[in-house]
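To keep things clear, I will list the structure first and then write my remarks on it.
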Amino acid sequence: MAATADAQRTPLTSFETIALMLRDLPDVASDWDALSVDERLAWSLDWGNEMSKLGDLGSKAATGRLSMSDHERYHHLVTTLAEALPIIDRLGLRRPSVLVQA
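Here the sequence shown is numbered in the working numbering, starting from -14 and rising by one per residue.
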């Protein structure tokens, strides 16, 4: 039996899903006022979920439980998030919890 392409896909990691949300943030911010209340709420909830994942990664980074490559990925996310804080605040999105600097 041949496996389908969807069945062969691996789940996205927390690093990837957080990075995707960050990549979309400027576009979402530019459209924010045109979004319905429901769309804003859905995006805010998704954002909150990603910030929870980031908190878990931060705990692992602080206790040395990330591989060297994951630590570098975490550092990149922290840097990108720090640059995005003005947008995050303007939209009233959940700020990331304490970010562990790499």
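Each residue gets a CB set at the ideal place from its N, CA and C atoms; glycine is no exception. Here the structure is a predicted model, which means the values were calculated and not measured.
What is the rounded straight-line gap between the Cα of Trp17 and the Cα of Leu78?
Position 32 of the sequence shown holds residue 17. Position 93 of the sequence shown holds residue 78. The alpha-carbon atoms of Trp17 and Leu78 are separated by roughly 12 Å.
Indicate whether Gly40 and Ser82 have their beta-carbon atoms separated by less than 8 Å.
The residue you call residue 40 lines up with position 55 of the sequence shown. The residue you call residue 82 lines up with position 97 of the sequence shown. Yes, the Cβ-Cβ distance between Gly40 and Ser82 is below 8 Å.
What are the start and end residues of the alpha helix (DSSP H) that includes Ala67?
In the sequence shown, the residue the question calls residue 67 occupies position 82. Run containing Ala67: 53 to 76, per the alpha helix (DSSP H) assignment.
May I ask you to report which of helix, strand or coil DSSP gives Ser44?
Residue numbering aside, residue 44 sits at position 59 when the sequence shown is read from its first letter. The answer is helix: DSSP assigns Ser44 an H, G or I state.
Whole-Å CB distance - Thr65 paired with Leu7, under 8 Å assumed:
One-based indexing of the sequence shown puts residue 65 at position 80. One-based indexing of the sequence shown puts residue 7 at position 22. Thr65 to Leu7, Cβ: 5 Å. Contact.
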